[in-house]
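Have a look at the structure below, then the notes.
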Amino acid sequence: MSLQLAIEKKIQSGERLNDAEGLYLLTEAPLVWLGAMAHQERDRKLPGREVSFVVDSNPNYTNICDTDCHFCAF
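Under the working numbering, the first residue of the sequence shown carries the number 211, and numbering increases by one thereafter.
Rendered as C-alpha coordinates:
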(Lines of atoms letter the chains of each structure in order from A and count residues from 1; the text may use other names and numbers.)
(Lines give C-alpha, C1' and ligand atoms only; values in the text may rest on other atoms or scores of the structure.)
Protein backbone atom coordinates (compact mmCIF):
# COMPACT_ATOMS: atom_id res chain seq x y z
CA MET A 1 0.00 0.00 0.00
CA SER A 2 1.38 3.42 -0.89
CA LEU A 3 2.07 5.98 1.81
CA GLN A 4 -0.44 8.35 0.22
CA LEU A 5 -3.20 5.72 0.43
CA ALA A 6 -2.28 4.86 4.03
CA ILE A 7 -2.47 8.56 5.00
CA GLU A 8 -5.80 8.93 3.21
CA LYS A 9 -7.26 5.97 5.13
CA LYS A 10 -6.01 7.38 8.44
CA ILE A 11 -7.53 10.78 7.67
CA GLN A 12 -10.88 9.21 6.77
CA SER A 13 -10.94 7.16 9.99
CA GLY A 14 -9.84 10.09 12.17
CA GLU A 15 -6.53 8.50 13.23
CA ARG A 16 -3.44 10.53 14.10
CA LEU A 17 -0.58 10.57 11.62
CA ASN A 18 2.92 9.54 12.68
CA ASP A 19 6.13 11.56 12.19
CA ALA A 20 7.08 9.91 8.89
CA GLU A 21 3.63 10.61 7.42
CA GLY A 22 3.79 14.22 8.58
CA LEU A 23 7.21 14.63 7.00
CA TYR A 24 5.87 13.19 3.74
CA LEU A 25 3.01 15.71 3.77
CA LEU A 26 5.46 18.54 4.39
CA THR A 27 8.09 17.61 1.82
CA GLU A 28 6.74 15.30 -0.88
CA ALA A 29 2.94 15.19 -1.02
CA PRO A 30 1.34 16.47 -4.24
CA LEU A 31 -0.16 19.89 -3.51
CA VAL A 32 -3.55 19.23 -5.13
CA TRP A 33 -3.97 15.95 -3.19
CA LEU A 34 -2.86 17.64 0.05
CA GLY A 35 -5.43 20.41 -0.47
CA ALA A 36 -8.16 17.84 -1.14
CA MET A 37 -7.30 15.96 2.07
CA ALA A 38 -7.26 19.21 4.06
CA HIS A 39 -10.65 20.19 2.62
CA GLN A 40 -12.07 16.74 3.44
CA GLU A 41 -10.88 17.02 7.05
CA ARG A 42 -12.22 20.57 7.44
CA ASP A 43 -15.54 19.46 6.01
CA ARG A 44 -15.65 16.57 8.51
CA LYS A 45 -14.96 18.86 11.46
CA LEU A 46 -17.06 21.82 10.29
CA PRO A 47 -19.86 20.58 8.02
CA GLY A 48 -21.46 23.10 5.74
CA ARG A 49 -19.94 26.28 4.44
CA GLU A 50 -18.46 27.53 7.73
CA VAL A 51 -14.71 28.21 7.46
CA SER A 52 -12.38 29.82 9.97
CA PHE A 53 -8.80 31.04 9.93
CA VAL A 54 -6.29 32.84 12.14
CA VAL A 55 -4.64 36.11 11.18
CA ASP A 56 -1.04 36.02 12.36
CA SER A 57 0.52 39.39 13.01
CA ASN A 58 4.18 39.83 13.93
CA PRO A 59 4.75 43.47 14.88
CA ASN A 60 8.22 44.98 14.98
CA TYR A 61 9.05 46.13 18.51
CA THR A 62 10.12 49.74 18.87
CA ASN A 63 11.29 52.03 21.63
CA ILE A 64 7.81 53.60 21.76
CA CYS A 65 5.96 50.38 22.60
CA ASP A 66 3.74 50.72 25.64
CA THR A 67 4.47 48.19 28.40
CA ASP A 68 0.73 47.77 29.04
CA CYS A 69 -0.09 47.04 25.39
CA HIS A 70 -2.41 44.04 24.99
CA PHE A 71 -1.83 43.71 21.27
CA CYS A 72 1.46 41.82 21.21
CA ALA A 73 2.04 40.90 24.89
CA PHE A 74 5.66 42.02 24.66
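Glycine included, C-beta positions come from ideal geometry on N, C-alpha and C.
Using a C-beta cut-off of 8 Å, the region 253-268 makes no contact with the region 230-243, since fewer than three inter-stretch Cβ pairs fall below that distance.
E231 places its beta carbon less than 8 Å from that of L213. Annotation: the continuous alpha helix (DSSP H) that includes D229 extends over D229 to T237. The DSSP-derived three-state label of G245 is helix. Around I217, the same chain offers E231 as residues with beta carbons nearer than 6 Å, after the five sequence neighbours per side are excluded. For S223, the enclosing alpha helix (DSSP H) begins and ends at L213 to S223.
Nearest in C-alpha terms to S223, of all of E238, T237, L236 and M247, is M247.
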